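Q: My structure is below; once you've seen it, I'll send some questions.
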Amino acid sequence: MIKKYDKPTTPYQRVINDTGTARKAVKMKLIRQNKLLNPAAIQRQIQTLTAELLTLTTSKQNPKPAAAIRAFSNDSTKQSSRAS
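Dropping the structure here:
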């Protein structure tokens, strides 16, 4: 038995190529929207937003550690366990 795989396609390409998936009006709308997309501009936007996120996360100061609770004077010495 030989396995035969389909050529890899994007979800957009699968919808456009399939005959029973969507109506013609929906496919035409998808085609119009796809023509307006600019992959290079989208990639630049992603890189800009990623850099901005990185700047925001690294510029914030770490939370200050909680102040150390000082021991009471009777906590620092060992209490005698028996009455003398």
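In UniProt numbering, the protein residues as written are 1 to 84.
Virtual Cβ for every residue (Gly too), placed ideally from N, Cα, C.
No experiment lies behind these values; they were computed from the predicted model shown.
(1) Using the Cα positions of Lys-7 and Pro-39, report the straight-line distance between them to the nearest angstrom.
(2) Output the distance between the C-alpha atoms of Tyr-64 and Leu-49, rounded to the nearest integer angstrom.
(3) Near Arg-44, which residues of its chain fall below 7 Å by C-beta distance, leaving aside the five closest residues on each side in sequence?
(4) Is the distance from the Cβ of Leu-30 to the Cβ of Ile-42 below 8 Å?
(5) Assuming Asn-34 contacts Tyr-12 (C-beta within less than 8 Å), just tell me the rounded distance between them.
A: Reading off the structure:
(1) For Lys-7 and Pro-39, the distance between alpha carbons rounds to 22 Å.
(2) One detail in the question is off: residue 64 reads as Lys in this sequence, not Tyr. Those two C-alpha atoms are separated by around 28 Å.
(3) Nothing meets the Cβ criterion.
(4) No.
(5) At roughly 6 Å, the Cβ-Cβ gap stays under 8 Å, so Asn-34 and Tyr-12 are in contact.
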